[in-house]
Every structure is written in C-alpha cells, then in structure tokens.
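Undergrad: Take a look at the following structure, please.
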Amino acid sequence: MNSEDHYRNTAAIKASLGKRYARERRFRWYGRIAVLGSFVFLAILLLDIVGKGLPAFTQSFIQVPIEMDADRLGLGPDPTEDELYGANYLAVIKASLRELFPDVEGRKEKRLLYELISLRAEYTLRDRVVENPGLIGKTTEFWLLAHAEAGSYLKGQVDTDLPEADRRVKDLQIQWLERLRAEGRTAERFNVTFFTQGDSREPEMAGIKAALYGSFFTLLVTFLIAFPIGVCSAVYLEEFAPRNRITDLIEININNLAAVPSIVFGLLGLAVFINFFELPRSAPLVGGIVLSLMTLPTIIITSRAAIQAVSPSIREAALGVGASKLQTVFHHVLPVAMPGILTGAIIGMAQALGETAPLLMIGMVAFIVDVPGGITDPSTVLPVQIFLWADSPERGFTEKTSAAIMVLMGFLIVMNAAAIYLRKRFELK
Amino acid sequence: MTGTGESTSRSPGRASATPAGGGDATGDRGLNIRDHSEVSGYETVGKPFVDNAKMAARNVNVYYGDKQAIMDVSLDIGANEVIAMIGPSGCGKSTFLRTLNRMNDIIPICRVDGDITLDGEDIYRSGQDTVLLRARVGMVFQKPNPFPKSIYENVAYGPRIHGLAHNKAEMDEIVENSLRRASLFDEVKDQLDKPGTGLSGGQQQRLCIARAIAVSPEVILMDEPCSALDPIATARIEELIDELRENYTIAIVTHSMQQAARVSQRTAYFHLGKLIEVGATKTVFTTPLHELTENYITGRFG
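Chains as they are written, first to last, in this note's numbering: chain A, 0 to 428; chain B, 719 to 1020.
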C-alpha cells in the first residue's frame, strides 16, 4: 500500500462515519422513547390507582348526641353483661337521630335519615356500653361511622348535578349532611377498619385484613413447598444427575410446565387435593400447594441457571482440597448461586402473589368475613379480593378496589425488599 | 534430592525400567530417534523412570469422547522432586496432570485407562476414594481461584472438612503455618478476616498454595500456576516451589521454559498427546535427544 491508498482508505472511513454515528444516535433515541413510554404508562396506572384508592384510607364519622335511655335499650335496673350485649342499641341510635333532626317525618324520610349511619354504629355503642355501663341513662356525644354512601358524599365523591333518581345519596340526605357539616358534626379519620376487618357487604365495614392474612398464609405454604423442592431439584439435576434421555425429558417437561396456563393448575388442585385427598376447600393450604406447583418450574429453571453460572474454578478448588461432591455443592456452589436463586424465587413468588385464576377453582373466591387464623381456615387472597370488590356495584367498593391494589403492591415491595436484603447479605459473605 | 535423573543424565537413553515395574524397553532405543523429524513408532526417549517414584503412570491413555488426548504415556514422579511438564498448547500436559488426582473425573466424557499408582497403590482402582486421593494429591490451578470467603476460611476449609484440627487453637496454628510456608503470612496477618478475592493476583495464588498445603498433601500438582501473574509474583512463587520441595513432591505444568529450567529437577516434554522426552532438566535443555524437543526449546515452534 502506498500513501495514495492510505489516503483513500481514510477518506472512505471518514465518509462512512457520519452514517454510523447517525445510526447510533437514532438507536439511542429509540431506547429513550421506549423507556419514556413505559414510564408514562406506569405513571398513569399508578396515579389512577393511588388517586382512586387514597380516599379509602379515610372514613367519615358523624357526631351524634346519644341518649342511653334504659327503656329504649330494653334494660331493667342492674343489667347483666349478657343483657347489655343483647340490648336494642339500634333503637337508641334511631331515636337520637330523630331528635337531632326533629322536622323529619314519615316512614320514607326516617329511613333515609337512618341510612346516614353505618350498621357498625350499633356494635360500637354496644362495646362502649359494655365497657362502661355508667353511660346508661346519660346523654353522651358519640362519633358514629357514617354509611358508605353518606361517607362518599362527605368525601366529595358524589356528583350533585345528576338527577336525584340516578344518585344513591338523595337530596334530603345531602341537606342533612350539609347541616351536620356546618355544625362541625362530621369528620374524616384514618380508616382503621380497612386494616382490622375482613370483607363485608357494607363498603364502610369491609377490610383487607382477611385477604392479607390469606395471601400471607398461602404464600408461606407456597414458599415452604416450592423453594426447598425447587432448589433441591435444581441442584440434583445440575450437579448429580447423569445426562441422558430421562433427564433430557425431565428438563423439557419442566420448561413446558412453566408455560402451562395457571387455571389448569387450579383444576388439578380441585380434582386432586380437594376431591381426592379431601383437603379443606378455600384454604390457604390447598391454594399454597397449587401455587407452588405453578412456581416450581420458575424456581427450578432460574436456580439451575444460577448454579450453572457459578465459575467452575470454584468447584475445582473445592474438589482439589478433597471436598466431596456434596460438600462442594453446599459449601461453595450454593452460597455463590444463592443471590441468583433468590431472585428466581422472588420472581416466582411475585407471580404466585398476583395469581387469581387457579384460586378461583379451589374455592378461595367465596365470601369470607373472618380473618383466617391458620393455613386450614377458609380465606381469600388479595388478588381475589380485588376481583370481588371490583365486581361489586356499591360506590364504596371502587375506592376499596384501588386501595386493595395498593396494599397488594405494598406486599410485593416488602417481599422484594426482603429478597434484596437477603441477596445483599449472601453477596457480602 | 534431585533423584536419579540428575546423576545419570550424562548417559542419555540409559534409563532402565524401574523395579516398580510395568515399564517397557522405551529407554533403550531412545538414542537413535534424534534424527527422526516426526513421531513415528512413538517411544519416549530419555529417562521416564526413577528409583524412588512417588507416583508412577504406566501406559496411560486419556480420551475425551472419541478424541484421544493422551497416548500411552508412562512416567514416574520421584519423591521430593519438582518435575516440569512442558510442551505446546493442547499437547495434553494439563490433562495428564489432572489424571494424577482424578480431577478429570468431573468431566463426564473423559475416560482414562492405564495404571497410575501413588506409593504403589492404583489410584483408579474401584475402591479408591477420590476425597482421600485429593487430600493426598493437592492441586493449584492455572487461574488463582480462592473461595469467595475470608483468607482464614480459605486456608481452614480443607483441614476443617477433613477434621484435621480438633480445636480453634490447632486450626489457627495450621492456618498460620500454611500461610507462612506459602510466604504470605506477613502480608495478610492483619486481614485474615478479609475476603481472599480482594488480594492481588500473586497473593491469591500464594493463598491457593497455602490452601493446598494446609491439608498436608504428599504431592502437589500445579497447573501453570504463574500464567496469570507478573514477573515479580512469579519469582516469589518459584522461590516458594523450591522451598516446598523439601517436604512435598511437586509436578508443575508450565508454558515458560525458563520457569521449568529454574524450578525443576526433571522435565517432561509432551507433544500432541505423546510424551516425547523425559530427563534431567539440565540435559533436556542443553542436549535434548529428540528433534521435537530441540525444536520446542529453541523456539522453532510452540
């Protein structure tokens, strides 16, 4: 090559540079647009959910002076505790409301008036009186839980421009509520009920606790089954099993299993665990087993990948000082692979947490009010609860649905944070 | 301690089969092969056998699937000697080294036949425990591969799994002694709880040597231990190998002929899976018998 050739080459390369850089710039912009797009979608989704869900974390209360009239309660002098429990608190509330609004007349109007207050108020009063029977015969100011519809008006969620017939909150009720508000007899408080109660037909009394516990127990069962079995299978297949037709077949099947629609696992759970083994219906035990079947392939596949990624030099080092195969795997390979295994487990668990379809099949969609106390109690789980609430016509459940989604996401974040913490600890070692 | 190889090196080709046996007439015909330009009618020339063999390989063939990596190699490794194995890439020297403590067992397609003995006992016999074998025949690898654990744990691991220390004090002593013998102790004594992976390359390799000698092996196999190290670290490891010779038998694979010349008493030259020539290091490097050996050490190829 002479200098002429060199010059020509340089010129050719220079000429192509512009094009190459332009391509790179274009590619970067595609990337930025893609990232931006996904962020925008995520932000819209989050804002929508948070915007709708936040009101669910507060509850409206109405202050009513209650006259604990012994006659109206149906109590004699010196009532026993049983009598206190059985007393007619509803009558007292109704009378007190009538007193507060003396100009309310007629059956229909009265019913509208009573509907301002939640059914829960009755039990609140009962508990207070049982706690302190001295209240009987006196007039005391009580903050009573507002009915969901009245509550949603007080939160400003009701469109008053709609014709009255299309609203659940009627004009009269709006007048009363405005009067109460003007008198300072209304208040918004943190919604403790939402976190301490199970599901209910009444939105203002419905809580997430039962579903939260159900999800917790279900995932506990899932984790206890899927994690050890998954990791052990991965270790065996990766480190000990001979490579032959049978192990190839197993591998193909594991990969296929990961792609099986989840509802199929639900059917399996119904047929095998409930109908054949007669395990309790709607219980986290069965839900957990079904979800662990679903999670297993994910955990096995990611664990195998993590074990494969461990540098062979570490295995050689351990074998070289005379460690047995088992010692090599458990002392050296697994600790190094653990962060990757945990990542896989957390992906699987997150999937399981959000899974609804297979749980519908095994009856976890039933209306269950009680908070489950163990893995054999009937219960529901967060995604099913969201599904149930989203399906309910009452206005109060709309905000509950979004709030439940927020709780579900919070659960997910806590789970991920725990996994990241564990991973960091393993990485330090 | 240089073995019989040194003393008889002036009469090349005079090697006789060791009493430990299995040997063939290889040595006797070695003298005339010098003029042959390729390995036909393959025989190992020089002195593959010694009187005080620690390990002895006889007619060893190694296959990876259908491919034969080692062809009919017979070689003694004398007690308390350093034997260097040299040869171009892919000549099978590392493969041969790894057959000596059965590290090839972990490669599923690898098959070994022939006899390899340690103190006269066949290490491939069916009752042989590889855990015990590898405790007696330790290994240092090409790339420093400390465990991702503390320096102390790296050294203590071997003694711990073999139950060599009965309490903390004994373990501390083993760790300190091993690190001292690997001439690493002074550099790391204040950071024994720091991760071994945080050391420099040369220190890591010395840590691996300390880890290997912590279980008091009888033989140490080194597979190109200095290939990833700079000249200063290499010099330290070479010094160390020379010191270790007092207590251990060492087989070292190396790509550096200078290194082989500096640290070993005997040298074995491999070519394409065949053991071409074995002899006292001085002889091999000054008056090689085989043309392939000569070509290699004079830098004509490899």
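Glycine included, each C-beta is placed from N, C-alpha and C at the ideal position.
1) Among A:Thr246, A:Leu124, A:Lys93, which residue has its Cα nearest to the Cα of A:Arg110?
2) Which residues in chain B sit within 8 Å of A:Gly339, going by Cβ to Cβ distance?
3) Pair every Cβ in the region 280 to 289 of chain A with every Cβ in the region 353 to 368 of chain A, then say whether three or more of these pairs are closer than 8 Å.
4) From the DSSP output, which residues share a beta bridge with A:Thr294?
5) When you compare only the Cα positions, how much space is there between B:Met789 and B:Gly838?
6) Just to make sure I have the definition right: I need the residues of chain B whose C-beta is within less than 7 Å of the C-beta of A:Ile431. Which are they?
7) My parser needs the beta strand (DSSP E) runs of 3 or more residues fully inside the region 4 to 81 of chain A; what are they?
8) For A:Arg394, which residues in the same chain have their Cβ closer than 6 Å to its Cβ, ignoring the five residues on either side in sequence?
9) Any idea if A:Asn274 is buried or exposed, counting beta-carbon neighbours within 10 angstroms, 16 or more meaning buried?
10) By a C-beta neighbour count over all protein chains shown, 10 Å radius and 16 as the cutoff for buried, is B:Val778 buried or exposed?
11) Counting only runs of 4+ residues fully inside the region 873 to 933 of chain B, write out the alpha helix (DSSP H) ranges in chain order.
12) Mind listing the chain A neighbours of B:Val859? Cutoff is C-beta to C-beta under 8 Å, in chain order.
13) Assign A:Asn243 to one of three DSSP states: helix, strand, or coil.
14) Quickly, what does DSSP pair B:Tyr987 with across the bridge? List them, please.
15) State whether the region 167 to 179 of chain A contacts the region 133 to 149 of chain A, with contact taken as three or more CB pairs (one from each stretch) at a distance under 8 Å.
16) Hey, would you say B:Val937 sits closer than 8 Å to B:Ser812, going by beta carbons?
17) Does any CB atom of chain A fall closer than 8 Å to the CB of B:Arg752?
18) Can you give the Cα-Cα distance for A:Ile249 and A:Leu266, rounded to whole angstroms?
19) What's the call for A:Thr159, buried or exposed, on a 16-neighbour Cβ count within 10 Å?
20) Counting only Cβ pairs nearer than 8 Å, list the residues of chain B close to A:Gln156.
21) If we call anything under 8 Å between Cβ atoms a contact, is B:His1008 one with B:Val763?
22) Would you be able to state if there are at least three C-beta pairs under 8 Å between the region 796 to 815 of chain B and the region 893 to 906 of chain B?
23) Do A:Ala225 and A:Thr294 have their beta-carbon atoms positioned less than 8 Å apart in this structure?
24) When the Cα of A:Glu201 is compared with those of A:Trp388, A:Thr57, A:Val406, which residue comes out closest?
25) Could you tell me whether any Cβ in chain B is nearer than 8 Å to the Cβ of A:Ala240?
26) Quick one: does the C-beta of A:Phe329 sit closer than 7 Å to a heavy atom of the ligand GDP?
27) What does B:Met821 reach in chain A if we use C-beta pairs closer than 8 Å?
28) What residues of chain B sit near A:His331, judged by a beta carbon separation below 7 Å?
29) Look up B:Gln976 in the DSSP assignment and say whether it is helix, strand or coil.
30) How many angstroms separate the CA atom of A:Thr192 from the CA atom of A:Val380?
31) So, does the region 821 to 835 of chain B touch the region 950 to 965 of chain B, judging by three or more C-beta pairs under 8 Å?
32) Give me, in chain order, the residues of the same chain whose beta-carbon lies closer than 8 Å to that of A:Thr139; leave out the 5 immediate sequence neighbours on both sides.
33) Tell whether a beta-carbon distance below 8 Å holds between B:Gly796 and B:Pro862.
34) Helix, strand or coil for A:Glu289 per DSSP?
35) What residue range does the beta strand (DSSP E) around B:Val971 cover?
36) Leaving out the 5 sequence neighbours to the left and right, which residues in its chain are closer than 7 Å to A:Arg167 when beta-carbon positions are compared?
TA: This is what the structure holds:
1) Within the first sequence, the letter at position 111 stands for residue 110 of chain A. Nearest option by C-alpha distance: A:Lys93.
2) The sequence position of residue 339 of chain A within the first sequence is 340, counting from 1. Going along chain B, no residue has its Cβ under 8 Å from A:Gly339, so there is no contact; the nearest lies around 14 Å.
3) yes
4) Taking the first residue of the first sequence as position 1, residue 294 of chain A is located at position 295. Beta-bridge pairing links A:Thr294 to no other residue.
5) On the second sequence, residue 789 of chain B is found 71 positions in, with the first residue counted as 1. On the second sequence, residue 838 of chain B is found 120 positions in, with the first residue counted as 1. Between B:Met789 and B:Gly838, the C-alpha separation is close to 22 Å.
6) Nothing can be reported for residue 431 of chain A: it is not among the residues displayed for chain A, which extend from 0 to 428.
7) 57 to 66
8) The residue labelled residue 394 of chain A in the question sits at position 395 within the first sequence. Closer than 6 Å at the Cβ level, and outside the excluded window around A:Arg394, lie Ser151.
9) In the first sequence, residue 274 of chain A corresponds to position 275, counting from 1. The residue in question, A:Asn274, is exposed, as its Cβ has fewer than 16 Cβ neighbours within 10 Å.
10) By one-based count along the second sequence, residue 778 of chain B stands at place 60. Label assigned to B:Val778: buried.
11) 886 to 899, 903 to 906, 919 to 931
12) Against the second sequence, residue 859 of chain B aligns to sequence position 141. Note that residue 859 of chain B corresponds to Phe in the displayed sequence, not to Val. Within chain A, the residues near B:Phe859 are Ser312, Glu315, Ala316, Gly319.
13) Working through the first sequence from its first residue, we reach residue 243 of chain A at position 244. In the structure shown, A:Asn243 sits in coil (DSSP, three-state: anything other than H, G, I, E or B).
14) The residue you call residue 987 of chain B lines up with position 269 of the second sequence. Paired residue(s): B:Ile804, B:Glu995.
15) yes
16) Sequence index remark: in the second sequence, residue 937 of chain B carries index 219 (1-based). Sequence index remark: in the second sequence, residue 812 of chain B carries index 94 (1-based). No, the Cβ-Cβ distance between B:Val937 and B:Ser812 is not below 8 Å.
17) In the second sequence, residue 752 of chain B corresponds to position 34, counting from 1. Note that B:Arg752 scores 40 on pLDDT, short of 50, meaning its location in the model is unreliable and no value can be drawn from it.
18) Locating residue 249 of chain A in the first sequence gives position 250, counting from the first residue. Locating residue 266 of chain A in the first sequence gives position 267, counting from the first residue. Using only the alpha carbons, I get a separation of about 23 Å.
19) For the purposes of this step, residue 159 of chain A is taken as the residue at position 160 of the first sequence. That one is exposed.
20) Start at 1 with the first residue of the first sequence, and residue 156 of chain A comes out as number 157. Result: empty, since nearest Cβ-Cβ is about 57 Å, beyond 8 Å.
21) Position 290 of the second sequence, counting from 1, holds the residue named residue 1008 of chain B. Position 45 of the second sequence, counting from 1, holds the residue named residue 763 of chain B. Result yes, Cβ atoms of B:His1008 and B:Val763 sit closer than 8 Å.
22) no
23) Counting from 1 along the first sequence, the entry for residue 294 of chain A is found at position 295. Counting from 1 along the first sequence, the entry for residue 225 of chain A is found at position 226. Contact flag set, yes.
24) Indexing the first sequence from 1 puts residue 201 of chain A at position 202. Checked all of A:Trp388, A:Thr57, A:Val406; the closest Cα to A:Glu201 is A:Trp388.
25) In the first sequence, counting from the first residue as 1, residue 240 of chain A sits at position 241. By this cut-off, A:Ala240 is not an interface position.
26) The ligand GDP is absent from the structure shown, which contains no ligands of any kind.
27) The residue labelled residue 821 of chain B in the question sits at position 103 within the second sequence. Per Cβ cutoff of 8 Å: Glu315, Leu318, Gly319.
28) Translated into positions along the first sequence, residue 331 of chain A becomes position 332. Residues of chain B passing the Cβ test: Phe865.
29) On the second sequence, residue 976 of chain B is found 258 positions in, with the first residue counted as 1. B:Gln976 falls in the helix class under three-state DSSP.
30) Taking the first sequence and counting its residues from 1, the one referred to as residue 192 of chain A is at position 193. Taking the first sequence and counting its residues from 1, the one referred to as residue 380 of chain A is at position 381. Approximately 18 Å between the Cα atoms of the pair.
31) no
32) Sequence index remark: in the first sequence, residue 139 of chain A carries index 140 (1-based). Pro64, Ile65, Met67, listed in sequence order.
33) In the second sequence, residue 796 of chain B corresponds to position 78, counting from 1. In the second sequence, residue 862 of chain B corresponds to position 144, counting from 1. Their beta carbons are not under 8 Å apart, which means B:Gly796 does not touch B:Pro862 by this criterion.
34) On the first sequence, residue 289 of chain A is found 290 positions in, with the first residue counted as 1. Here residue 289 of chain A turns out to be Val, not Glu, going by the sequence shown. In the structure shown, A:Val289 sits in a helix (DSSP, three-state: H, G or I).
35) Working through the second sequence from its first residue, we reach residue 971 of chain B at position 253. Per DSSP, B:Val971 belongs to the beta strand (DSSP E) from 967 to 971.
36) Here residue 167 of chain A refers to the residue found at position 168 of the first sequence. Glu148, Arg394.
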